[in-house]
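Below: one structure, written as structure tokens.
There are 2 protein chains.
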Amino acid sequence: MSNYVSALRLPAGEQAAWRGFLRAHAALTRELDAELVAAHRLPLTSYEVLLAVGHAPHGRMRMSELADRVRLSRSGLTRLVDRLARDGVIERMPCRDDARGWFAALTPEGRRLLEEARATHHDGVRRLFVAQLSADELAMLGDCFARLCEG
Amino acid sequence: MSNYVSALRLPAGEQAAWRGFLRAHAALTRELDAELVAAHRLPLTSYEVLLAVGHAPHGRMRMSELADRVRLSRSGLTRLVDRLARDGVIERMPCRDDARGWFAALTPEGRRLLEEARATHHDGVRRLFVAQLSADELAMLGDCFARLCEG
Chain A
49 MSNYVSALRL PAGEQAAWRG FLRAHAALTR ELDAELVAAH RLPLTSYEVL
99 LAVGHAPHGR MRMSELADRV RLSRSGLTRL VDRLARDGVI ERMPCRDDAR
149 GWFAALTPEG RRLLEEARAT HHDGVRRLFV AQLSADELAM LGDCFARLCE
199 G
Chain B
49 MSNYVSALRL PAGEQAAWRG FLRAHAALTR ELDAELVAAH RLPLTSYEVL
99 LAVGHAPHGR MRMSELADRV RLSRSGLTRL VDRLARDGVI ERMPCRDDAR
149 GWFAALTPEG RRLLEEARAT HHDGVRRLFV AQLSADELAM LGDCFARLCE
199 G
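These protein sequences, in sequence, are chains A and B. The number in my numbering is simply the position in the first sequence, starting from 1, with 48 added. The number in my numbering is simply the position in the second sequence, starting from 1, with 48 added.
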């Protein structure tokens, strides 16, 4: 049965790899989110917003580009950035060359928070992901994931 | 430099595996979502709700368990199930032994939609994931992901 491919079922090995991929992603992002919230009161999605803005050219990013980057709807990102602005870590600035456009930028407090949260997050990634895998496995995973992104 | 581990940066190979993991997950779920919406007007998260309910014992699942399963907040799941109920594919039933509890169950129309959507979804998983990887890679990915879920 292991090579049987119906329209409704995947063979066990393929199913294990695919379900494992989804489960590992869910488990790791849930744990990394919990660690960032516990240490900095900063959910993972908010961390990803600070990181994207902090790495953008000139330290600022258009809201529309930011929504794509962190895979949120425009309305979802607007709510999240409202919250981060109330917390004093993000500020919004109008685009000079586009009357309807806004940039998001980090405040000095936001830059401090990002650096602290980054240490927590990388510690989590090392412990939960890197330390569980051999060097060969990490290299092979890198190859596989690159191919999946092209596919 | 490749073995240098600072508090702020991961070595390039580790970074490639980790960023690749996140990117591959985002790219695949985005594409699988788009395919389900195009073929059945059913976003991936809604498909996961139908799948979880369809596989539950007696064909029904408590709303609280369903929220955990599909990793939505209670309010997010309530909105989604409201929409699926309006579309006639999910129905809600009170729990006899818990006055505040509700079950979600598939309607006959929901069961039909799940079977059709499952064929589309598994076709996508085969084309975008399984077909990009060798049998050895699939086995090794299954091992790695199982370890990451335990870690």
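Here a beta-carbon is modelled for each residue, glycine too, at the ideal position from N, C-alpha and C. Computed from a prediction, not measured in an experiment: that's the story for all the values here.
{"Check": "Residues in its own chain within less than 7 Å of A/GLY136 by CB, not counting five upstream and five downstream?", "Outcome": "THR155 and GLU157"}
{"Check": "Confirm, please, whether the CB-CB distance from B/GLU83 to B/GLY172 is below 7 Å.", "Outcome": "yes"}
{"Check": "Could you give the C-beta distance for B/ARG108 and B/ALA153, rounded to a whole number, given that I count them as a contact under 8 Å?", "Outcome": "4 Å"}
{"Check": "DSSP has B/ALA153 in a bridge; who is on the other side?", "Outcome": "B/ARG108 and B/GLU139"}
{"Check": "At the level of alpha carbons, what is the spacing between B/ALA197 and A/ARG78?", "Outcome": "With the sequence shown as reference, residue 197 of chain B is identified as Cys, and Ala is not the correct amino acid for it. Rounded to the nearest angstrom, the two C-alpha atoms are 11 Å apart."}
{"Check": "Determine the DSSP secondary structure at A/ARG148, reduced to helix, strand or coil.", "Outcome": "strand"}
{"Check": "Quick one: measure Cβ to Cβ for B/LEU125 and B/LEU114, integer angstroms, because I've assumed they're closer than 8 Å.", "Outcome": "6 Å"}
{"Check": "Under a CB-based cut-off of 7 Å, is A/GLU185 close to chain B?", "Outcome": "yes"}
{"Check": "Quick one: residues in its chain with C-beta nearer than 8 Å to the C-beta of A/ALA55, no 5 flanking neighbours on either side, listed in chain order?", "Outcome": "Note that A/ALA55 scores 39 on pLDDT, short of 50, meaning its location in the model is unreliable and no value can be drawn from it."}
{"Check": "Give the range of the alpha helix (DSSP H) segment to which A/SER182 is assigned.", "Outcome": "Unbroken run through A/SER182: none, as it is neither H nor E."}
{"Check": "Using a threshold of 7 Å, state whether the C-beta atoms of B/GLY199 and A/GLN180 are closer than that.", "Outcome": "yes"}
{"Check": "Just how far apart, CA to CA, sit B/VAL110 and B/PHE151?", "Outcome": "What sits at residue 110 of chain B in the sequence shown is Arg, not Val. The straight-line gap from Cα to Cα measures roughly 4 Å."}
{"Check": "DSSP on A/GLY102, reduced to helix/strand/coil?", "Outcome": "helix"}
{"Check": "I'd like to know whether the C-beta of A/TYR52 is nearer than 7 Å to at least one C-beta of chain B.", "Outcome": "Here A/TYR52 scores only 34 on pLDDT, less than 50, and its place in the model should not be relied on; the value that follows carries that caveat. It does not: the Cβ of A/TYR52 has no partner Cβ on chain B nearer than 7 Å."}
{"Check": "From A/LEU98 to A/LEU90, what distance separates their C-alpha atoms?", "Outcome": "10 Å"}
{"Check": "Given a threshold of 16 other Cβ atoms within 10 Å of its Cβ, counted over all protein chains shown, does A/GLU62 qualify as buried or as exposed?", "Outcome": "buried"}
{"Check": "Once DSSP output is grouped into helix, strand and coil, what is the label at A/ARG89?", "Outcome": "coil"}
{"Check": "Using DSSP with H/G/I as helix, E/B as strand and the rest coil, what is A/GLY68?", "Outcome": "helix"}
{"Check": "What residue does the alpha helix (DSSP H) around B/VAL129 start on, and which one ends it?", "Outcome": "122-134"}
{"Check": "Beta carbons nearer than 7 Å to chain A: which residues of the segment 113-138 of chain B have them?", "Outcome": "ARG119"}
{"Check": "Using a Cβ-Cβ cutoff of 8 Å, what residues of the segment 143-159 of chain B are near chain A? List them in chain order.", "Outcome": "none"}
{"Check": "What separation, rounded to the nearest whole angstrom, lies between the Cα atoms of A/SER50 and A/LEU92?", "Outcome": "Per-residue confidence for A/SER50 stands at a pLDDT of 31, beneath the threshold of 50, marking its modelled position as unreliable; no derived number is given."}
{"Check": "Can you pull the chain A residues whose beta carbon is under 7 Å from the beta carbon of B/GLY190, in chain order?", "Outcome": "GLY61, ALA64, ALA65 and GLY68"}
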